[in-house]
Every structure is written in C-alpha cells, then in structure tokens.
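Chemist:
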Amino acid sequence: MKLHWSPRSPFVRKVMLFAHEAGLVDRLELRRTVVAMTKPNPDLLPDNPLNKIPTLILDDGAPLYDSVVICEYLDGLHGGPKLFPEEQKAYFTAMRRCALGDGLLDLLILWRNERERKNPDPDYLSAFEAKFEASLATLENEADALTAAPFGIGHIAIGCALSYTDFRFPDLQWRPSHPKTAAWLADFSRRPSAVATEPRDG
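Letter 32 of the sequence shown, counting from 1, is numbered 59 in this note's numbering, and no numbers are missing.
This is the structure we're talking about:
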C-alpha cells in the first residue's frame, strides 16, 4: 500500500501512529506529497480530487482518503486488539472523541493560517480561542475516563491534536489550567508510536 505523506501533517501523523499501534508500518510505502490550498498537486489529484493528505492507495490501486476512513481500514488488517471498539456504545464514544480531536486539529490549522495573515481578523481570532478553550475544558472533564478507556482511535486523534498544539502554538501555555489533560498527554507522548511519529518540520 502507498500512502501520500508529509512529516508536517497532523492528519498523516494520526494514520502513521495508528499504523505503528497496529503493527502495519512495514506495509506502507510512503510517498512524499506536497499539498497547498492555492496550488493543487497534479500527482495527487487523480488519487484524491480534494487534494488532501493522507491518501492511501490500496494494492489494487483503489484510493482511500480521510484519516478516519484509512485508520478504520487498517484496523481490519491486523490481528491485535482493535483500535476501533466493537461494542456499540464504546464505538460511538470513541468516535465522538475522534471527532473532537479532528475538529480541534481543523480549528488549529485555520487559527494558525489566520494568525499568519498580514491583517488577521480579531473576531476570527477570538472565536478560535473560545473554541479552543471550550475543547480543552471538555478534555479536562473527560481526562479520567479517557485514561481508563482501552487505547484506540479517540486517544490517537486527541493526542495528535494536543501535540500539534504544542508544535504550532507553543505560546498558548494551556497545561497549568488543564493539569489532568497535561498528565494524559505526557503518558500518550511516551508511547513508542507517539515517539516514532513526533511532529517535525522537514
């Protein structure tokens, strides 16, 4: 399988971290792919008309895109503990947490783009900050339950979002007011899969 990949994409990291947890990294051929909002990549468009990564190309040539779709596909390829719960209530709890993590990533990317504009809109910046604070408050309230739950897709999405916060927003200093979430992220960051996929420029 081939994976359109970039070391800076938090959604690519999510898939790679999942692949490490599932023991499938050796089955992925990484294809370095550059994407930009204003310049669609002609090498990616035939595989993903939305010009987004990650995009996975299966052995039969069929593409899969969206990190959640790719991760759920990979979960069917390994014989270890499933990272998508099979029981219905646990599944939807995990998927809600995954949606929170992915939504936080979307928010952070838009926030960063706005902050880097020549004349950022203060209303947008205030809205991004309010949503970020609300997301962190939710995570702080759920930190104990997240710690107690079997590791899976929700943990991966939230861990990638919080790590991306540190990577791109080192000035936010969110830990003092969210100590349970900070402790949870510290444990997450020590997992071999997290160490192997730590965000980096390049």
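No residue lacks a Cβ here, since even glycine has one placed at the ideal position from N, Cα and C.
Quantities reported herein were computed from a predicted structural model and do not represent experimental measurements.
Taking Cβ to Cβ, would you say H232 is nearer than 8 Å to L85?
Modeler: Absent from the structure is residue 232, since the part of the chain shown begins at 28 and ends at 229.
Chemist: Give the range of the beta strand (DSSP E) segment to which R59 is assigned.
Modeler: As a working note, residue 59 is residue 32 in the sequence shown. Segment E56 to R59, the beta strand (DSSP E) holding R59.
Chemist: Are L55 and A46 closer than 8 Å when you measure CB to CB?
Modeler: For the purposes of this step, residue 55 is taken as the residue at position 28 of the sequence shown. For the purposes of this step, residue 46 is taken as the residue at position 19 of the sequence shown. For L55 and A46, yes; Cβs fall inside 8 Å.
Chemist: With burial defined as no fewer than 16 other Cβ atoms inside 10 Å of the residue's Cβ, what is the status of G88: buried or exposed?
Modeler: What you label residue 88 is simply residue 61 of the sequence shown in a count that begins at 1. G88 comes out exposed.
Chemist: Less than 8 Å between the C-beta atoms of A221 and F215, yes or no?
Modeler: By 1-based counting over the sequence shown, the position of residue 221 is 194. By 1-based counting over the sequence shown, the position of residue 215 is 188. Yes, the Cβ-Cβ distance between A221 and F215 is below 8 Å.
Chemist: What does DSSP give as the partner residues of I84 in its beta bridges?
Modeler: Looking up residue 84 in the sequence shown gives position 57. DSSP, once it has assigned bridges, lists K29 and P90 as partnering I84.
Chemist: For D150 and L77, what's the separation of their Cα atoms in angstroms?
Modeler: As a first step, residue 150 must be located in the sequence shown, where it is residue number 123. As a first step, residue 77 must be located in the sequence shown, where it is residue number 50. Their backbone Cα atoms lie some 28 Å apart in a straight line.
Chemist: I need the DSSP call for R35, collapsed to helix, strand or coil.
Modeler: Along the sequence shown, one-based indexing puts residue 35 at 8. Looking at R35 - three-state DSSP - the assignment turns out to be coil, as it is neither helix nor strand.
Chemist: Report the rounded CA-to-CA distance for E143 versus A157, giving the unit in angstroms.
Modeler: Mapped onto the sequence shown, residue 143 falls at position 116. Mapped onto the sequence shown, residue 157 falls at position 130. Going by the C-alpha atoms only, they are around 19 Å apart.
Chemist: List the endpoints of the continuous alpha helix (DSSP H) containing D171.
Modeler: Here residue 171 is taken as the residue at index 144 of the sequence shown, counted from 1. That run of the alpha helix (DSSP H) goes P149 to A175.
Chemist: Excluding the five sequence neighbours on either side, which residues of its own chain have a C-beta within less than 7 Å of the C-beta of D228, listed in chain order?
Modeler: Within the sequence shown, residue 228 is the residue found at index 201, counting from 1. Result list for D228: R35, in chain order.
Chemist: Just confirm the distance between the C-beta atoms of G128 and G179, as a whole number of angstroms; I'd bet it's less than 8 Å.
Modeler: Within the sequence shown, the letter at position 101 stands for residue 128. Within the sequence shown, the letter at position 152 stands for residue 179. Actually they do not touch by this definition, with Cβ atoms about 12 Å apart.
Chemist: I'd like to know whether the C-beta atoms of L51 and L135 end up nearer to each other than 8 Å.
Modeler: Here residue 51 refers to the residue found at position 24 when the sequence shown is read from its first residue. Here residue 135 refers to the residue found at position 108 when the sequence shown is read from its first residue. In this structure, L135 does not lie closer than 8 Å to L51 by Cβ.
Chemist: Under 8 Å, do L8 and L173 count as touching if we go by C-beta distance?
Modeler: Residue coverage of the chain in this structure runs from 28 to 229, which leaves residue 8 outside it and unanswerable.
Chemist: At a cut-off of 7 Å, would you count T60 as near the ligand ZN, judging by its Cβ distance to the nearest heavy atom?
Modeler: The model on display carries no ligand, and the ligand ZN is accordingly not part of it.
Chemist: What did DSSP end up calling Q200 once you bin it into helix, strand or coil?
Modeler: Within the sequence shown, numbered from 1, the residue matching residue 200 stands at position 173. Coil, per DSSP.
Chemist: If the criterion is Cβ atoms closer than 8 Å, does the pair V42 and S33 meet it?
Modeler: In the sequence shown, the residue the question calls residue 42 occupies position 15. In the sequence shown, the residue the question calls residue 33 occupies position 6. Not closer than 8 Å, so no.
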